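K.L.:
Please see the structure below; I have some questions.
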Amino acid sequence: MITLHIEVPYASFRKSYARSLAETYPFPPPATVYGMLLSLVGERFRANHSGVKLALAFARQPRISRTLRRMSGAKYGVSRTPDFIETLCGIDFLCWVDSSQETNGRTLEARLTEAIITPERVNRTGIVSLGLSDDAVDDISLISDLPDWSEKLCQWNGNFQGWHWLNPQNNGQIELPIWVDHVGAFHTRWRRYQFEESPLLIYSEPEEDKFTPIVDPRG
Amino acid sequence: MTVHYLYGTVLTGEAVAANNRGDNIGNTTTLQKVFHQDDLHTSVSAEAIRFALRYYFQLESPESVNRKFENGKLEYFDKDRTYWNPVAGAVRIDDDLMGFMDAKASVAEKEEVVEEAADDEQPKKGKGRSKAKGTVTIRQSPLAVGRAVSLRPYRGELSFNCVSGAKEAGQLSLYAAEMHTTEYQYFFGLNLSDVINKAHIGQLMSAVADLPPVAGNHARFAYDFSPASIVLRVTSAHSSKIQNCFEHDEENRTYTIAKLLHRVEAGDISASELIVGGEVVTTTEGKKLEELGVTVFKGVKVAVDEARRRIALLDPSYQAVAPQVVAGGNS
Chain P
1 MITLHIEVPY ASFRKSYARS LAETYPFPPP ATVYGMLLSL VGERFRANHS
51 GVKLALAFAR QPRISRTLRR MSGAKYGVSR TPDFIETLCG IDFLCWVDSS
101 QETNGRTLEA RLTEAIITPE RVNRTGIVSL GLSDDAVDDI SLISDLPDWS
151 EKLCQWNGNF QGWHWLNPQN NGQIELPIWV DHVGAFHTRW RRYQFEESPL
201 LIYSEPEEDK FTPIVDPRG
Chain V
1 MTVHYLYGTV LTGEAVAANN RGDNIGNTTT LQKVFHQDDL HTSVSAEAIR
51 FALRYYFQLE SPESVNRKFE NGKLEYFDKD RTYWNPVAGA VRIDDDLMGF
101 MDAKASVAEK EEVVEEAADD EQPKKGKGRS KAKGTVTIRQ SPLAVGRAVS
151 LRPYRGELSF NCVSGAKEAG QLSLYAAEMH TTEYQYFFGL NLSDVINKAH
201 IGQLMSAVAD LPPVAGNHAR FAYDFSPASI VLRVTSAHSS KIQNCFEHDE
251 ENRTYTIAKL LHRVEAGDIS ASELIVGGEV VTTTEGKKLE ELGVTVFKGV
301 KVAVDEARRR IALLDPSYQA VAPQVVAGGN S
């Protein structure tokens with residue numbers, strides 16, 4: 001199991017059923033985080049790391065702002081109506097990656113470690129982004145000693161109080177996609193989550209119930 | 001082949017921004033706003049900055065772009081991109097750096113298309129090709145541009161106006177405009193390995209250093225979006241760690257790069273990969289960066305030229321990025 005720290009100042013995760021208003025999910029969906037990790041290691045086939053498990057904990061609940069994205073039809077030859085988009089601001093989280101259930105050759109854990117420690121060995125395209133391709137990931141680091149690192153963070157940032165779990169919970173208030181079918185909706189899979197309001201300093205590896213398995217429903 | 005990136009954060013000078021981009025609440029024209037470090041900041045979209053970059057390429061050489069903006073209209077050199085030939089290097093700068101997409105609904109998952117393309121490269125014996133070759137519908141942009149965010153939080157500056165001249169019944173217009181006196185910062189990242197014609201990298205860097213007006217859809221206010229300070233990083237690391245690295249220092253009425261310094265001191269960013277130019281190097285923190293081994297310049301242009309030189313040295317294929325020496329100085 002490895003622990004990653006990921007920071008993205010601005011991103012938008014358009015809700016699957018959003019129409020003209022591009023509402024965002026309040027957290028990066030696990031499907032998107034998984035996609036970003038695949039992009040980081042230069043993997044283009046989602047099924048290749050099916051079985052990996054992810055657990056997420058956030059430094060704070062990201063805030064949502066609504067901005068106007070496009071107004072004129074002249075420039076790009078598209079709709080003349082105002083086009084609003086919601087932007088998620090200040091995404092700062094820890095992601096635990098557990099590859100113990102992966103069966104296809106080299107694990108995502110091993111490839112992520114390589115991509116971060118020896119980036120020159122990895123061949124990939126574009127900039128590492130979370131969601132839309134302009135929403136660049138500012139930081140993605142491997143955290144080897146989380147308690148020590150969190151302690152330093154407390155010293156560095158007086159406002160930091162700990163991490164908030166995004167707990168998988170059947171009656172949770174937040175529904176997020178964990179696998180997305182981009183052609184139709186048949187293979188899209190969802191899971192419900194509950195955001196833990198009270199912050200915690202995390203000293204050990206997450207328990208099993210914090211993890212979301214990312215499994216290819218196409219078999 | 002090793003992947004190389006150019007990352008940059010630009011900080012503009014201070015000025016009054018009042019671009020409403022067509023959005024309003026009642027008779028108040030508003031500024032776009034986002035949250036930054038739990039405070040409300042004004043913002044200019046990445047699309048507006050991208051448009052200014054495109055426009056720079058067009059102004060420099062109308063023949064180099066596929067998409068031209070003329071008389072308020074978008075005009076293509078070749079909408080279907082029949083000229084597009086990455087193998088021969090026949091690509092236009094806007095398509096090469098910014099990518100393109102034919103926005104039809106997907107009929108197959110992206111990975112299935114990739115798989116099919118991979119199969120096509122090694123056709124099986126006796127199996128006929130079912131698809132026409134050479135049609136290009138999508139190219140991911142090697143360039144990412146972040147939204148511009150105000151350095152200072154928005155505290156509600158407003159101007160109240162009314163129509164001038166003789167007042168006539170029914171013709172009275174009262175309106176208010178939101179304004180913001182601030183610097184803006186924005187981030188860009190470029191995957192150098194993805195750029196087909198490497199000379200385009202140098203042209204992009206010239207565009208960043210000398211950006212045409214960024215005003216969204218209304219060019220109603222003058223705000224210089226060119227860099228007063230710039231932080232550049234040429235690296236193979238997959239995350240920049242320099243995005244929006246300037247922070248407002250409310251107490252001292254200035255800005256701080258404390259987080260950047262911390263990351264260099266902690267070894268998360270190698271000092272040898274950073275190039276910093278402009279006003280920030282004259283600050284105490286700028287001097288600290290220099291002490292830590294960061295290459296600093298008082299000017300933005302020399303900093304950009306240094307980055308171009310470093311890129312040119314990465315690999316022989318990047319030689320065209322080097323700044324060309326012309327009479328009277330570098331270009």
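Quick note, the sequences are listed as chains P and V, same order. So the first sequence is numbered by UniProt numbering: it starts at 1 and just counts up by one. So the second sequence is numbered by UniProt numbering: it starts at 1 and just counts up by one. No residue lacks a Cβ here, since even glycine has one placed at the ideal position from N, Cα and C. For clarity, every value in this text was computed on a predicted model and none was experimentally measured.
#1: Helix, strand or coil for residue 133 of chain V, going by three-state DSSP, please let me know.
#2: Distance cutoff 7 Å, beta carbons only. Does residue 90 of chain V sit that close to anything in chain P?
#3: For residue 282 of chain V, which three-state DSSP category applies?
#4: Which bits of chain P does residue 147 of chain V rub up against, with CB to CB less than 7 Å?
#5: Please report whether the beta-carbon of residue 119 of chain P lies at a distance below 7 Å from any beta-carbon of chain V.
#6: Spell out a yes or no on whether the segment 55–62 of chain P and the segment 163–172 of chain P are touching, meaning 3 or more CB-CB pairs, one atom from each, closer than 8 Å.
#7: If you follow the beta strand (DSSP E) that residue 41 of chain V is in, where does it begin and where does it stop?
#8: Which one of P/9, P/125, P/18 and P/98 has the shortest CA to CA distance from residue 37 of chain V?
#9: Taking DSSP's pairing of strands, which residues face residue 162 of chain V in a bridge?
#10: Residues in its own chain within less than 7 Å of residue 198 of chain V by CB, not counting five upstream and five downstream?
#11: Are the CB atoms of residue 129 of chain P and residue 135 of chain P within a distance shorter than 7 Å?
#12: Assuming residue 54 of chain V and residue 65 of chain V form a contact by the criterion Cβ under 8 Å, report the distance between their Cβ atoms to the nearest whole angstrom.
#13: Under 9 Å Cβ-Cβ, which residues of chain A neighbour residue 268 of chain V?
#14: So if I threshold CB-CB distances at 7 Å, which residues from the segment 293–321 of chain V count as touching chain P?
#15: Rounded to whole angstroms, what is the Cα-Cα separation between residue 111 of chain P and residue 120 of chain P?
#16: Using 8 Å for Cβ pairs, my map puts residue 194 of chain V next to residue 126 of chain P. What's the rounded Cβ distance?
#17: Establish whether the CB of residue 123 of chain P and some CB of chain V are separated by less than 7 Å.
#18: Any beta carbon from chain V within less than 7 Å of residue 89 of chain P's own beta carbon?
#19: Determine the direct distance from the alpha carbon of residue 313 of chain V to that of residue 256 of chain V, and round the result to whole angstroms.
#20: Okay, do the segment 202–217 of chain P and the segment 179–196 of chain V touch, 3+ Cβ pairs below 8 Å being the bar?
#21: Return the chain-ordered list of same chain residues with a C-beta closer than 6 Å to the C-beta of residue 219 of chain P, the five sequence neighbours on each side being excluded.
#22: Answer with yes or no whether the minimum CB distance from residue 63 of chain P to chain V is below 7 Å.
#23: Going by C-alpha to C-alpha distance, which of P/38, P/85, P/146 and P/86 sits closest to residue 201 of chain P?
#24: So that I know if they touch, is there some Cβ in chain V lying closer than 7 Å to that of residue 182 of chain P?
#25: Quick one: what's got a C-beta closer than 6 Å to residue 52 of chain V's C-beta in the same chain, skipping five residues either side?
#26: For residue 127 of chain P and chain V, any beta-carbon pair shorter than 7 Å?
#27: Which residues in the same chain as residue 271 of chain V place their Cβ atom closer than 6 Å to its Cβ, once the five residues preceding and following it in sequence are excluded?
#28: Please specify which runs of the beta strand (DSSP E), each continuous and at least 3 residues long, are wholly inside the segment 43–73 of chain V, giving them in chain order.
#29: Assign residue 59 of chain V to buried or exposed, taking buried as 16 or more other Cβ atoms, counted over all protein chains shown, within 10 Å of its Cβ.
#30: Note down, in chain order, every chain V residue with its Cβ under 7 Å from the Cβ of residue 156 of chain P.
#31: Of all the residues that make up the segment 182–209 of chain V, which are near chain P by a beta-carbon distance shorter than 9 Å?
#32: Considering only C-alpha positions, which residue in the set P/149, P/174, P/11 and P/152 is nearest to residue 33 of chain P?
#33: Could you name each continuous beta strand (DSSP E) segment of 3 residues or more that falls completely within the segment 253–324 of chain V, going from the start of the chain to the end?
#34: Using a Cβ-Cβ cutoff of less than 8 Å, which residues in the same chain neighbour residue 68 of chain V once the five nearest sequence positions on both sides are dropped?
#35: Spatial neighbours of residue 89 of chain P within its chain, please: CB distance less than 8 Å, with the 5 preceding and 5 following residues excluded, ordered by chain position.
#36: Using DSSP's beta-bridge definition, name the partner residues of residue 153 of chain V.
P.N.:
Quick look at the numbers:
#1: Any answer about residue 133 of chain V is weak, because its pLDDT of 46 lies below 50 and its placement is not dependable; what the coordinates show is given next. The DSSP-derived three-state label of residue 133 of chain V is coil.
#2: No, its Cβ sits nowhere closer than 7 Å to a Cβ of chain P.
#3: Three-state DSSP puts residue 282 of chain V in a helix.
#4: What residue 147 of chain V touches in chain P: 10.
#5: Yes - at least one Cβ of chain V is within 7 Å of the one on residue 119 of chain P.
#6: Counting C-beta pairs closer than 8 Å gives three or more between the segment 55–62 of chain P and the segment 163–172 of chain P, which meets the contact rule.
#7: For residue 41 of chain V, the uninterrupted beta strand (DSSP E) run begins and ends at 39–44, by DSSP.
#8: Minimum Cα distance to residue 37 of chain V is reached at P/9.
#9: Its beta-bridge partners are V/174.
#10: Excluding positions up to five away in sequence, the list reads 317, 318, 320 and 321.
#11: Yes, they are a contact pair.
#12: Yes, residue 54 of chain V and residue 65 of chain V are in contact; Cβ-Cβ is about 7 Å, under 8 Å.
#13: Here the protein chains are P and V, and chain A is not one of them.
#14: Flagged: no residues at all.
#15: Residue 111 of chain P and residue 120 of chain P: Cα-Cα distance of roughly 13 Å.
#16: Your pair residue 194 of chain V and residue 126 of chain P checks out as a contact, with CB atoms roughly 7 Å apart and the cut at 8 Å.
#17: Yes, its Cβ sits closer than 7 Å to a Cβ of chain V.
#18: Yes - at least one Cβ of chain V is within 7 Å of the one on residue 89 of chain P.
#19: The straight-line gap separating the alpha-carbon atoms of residue 256 of chain V and residue 313 of chain V is approximately 32 Å.
#20: Result no; under three Cβ-Cβ pairs closer than 8 Å.
#21: Same-chain partners within the cutoff: there are none.
#22: Yes, residue 63 of chain P counts as interfacial toward chain V.
#23: Considering only alpha carbons, the answer is P/146.
#24: So, interface residue.
#25: Counting only Cβ-Cβ distances below 6 Å, and skipping sequence neighbours, we find 211, 212 and 214.
#26: Output row for residue 127 of chain P: interface = yes.
#27: Here the set comprises 264, 292, 293 and 294.
#28: Complete beta strand (DSSP E) runs here, min 3: 67–70.
#29: Counting Cβ neighbours within 10 Å, residue 59 of chain V comes out exposed, since fewer than 16 surround it.
#30: By Cβ distance, chain V contributes 262.
#31: Look at the segment 182–209 of chain V: the residues with a C-beta under 9 Å from a C-beta of chain P are 187, 188, 189, 190, 191, 193 and 194.
#32: Nearest C-alpha to residue 33 of chain P: P/11.
#33: Segments of the beta strand (DSSP E) lying fully in the segment 253–324 of chain V: 254–256, 274–278 and 295–297.
#34: Result list for residue 68 of chain V: 58, 62, 74, 75, 76 and 77, in chain order.
#35: Counting only Cβ-Cβ distances below 8 Å, and skipping sequence neighbours, we find 9, 10, 62, 63, 64 and 65.
#36: DSSP lists V/41 as partners of residue 153 of chain V.
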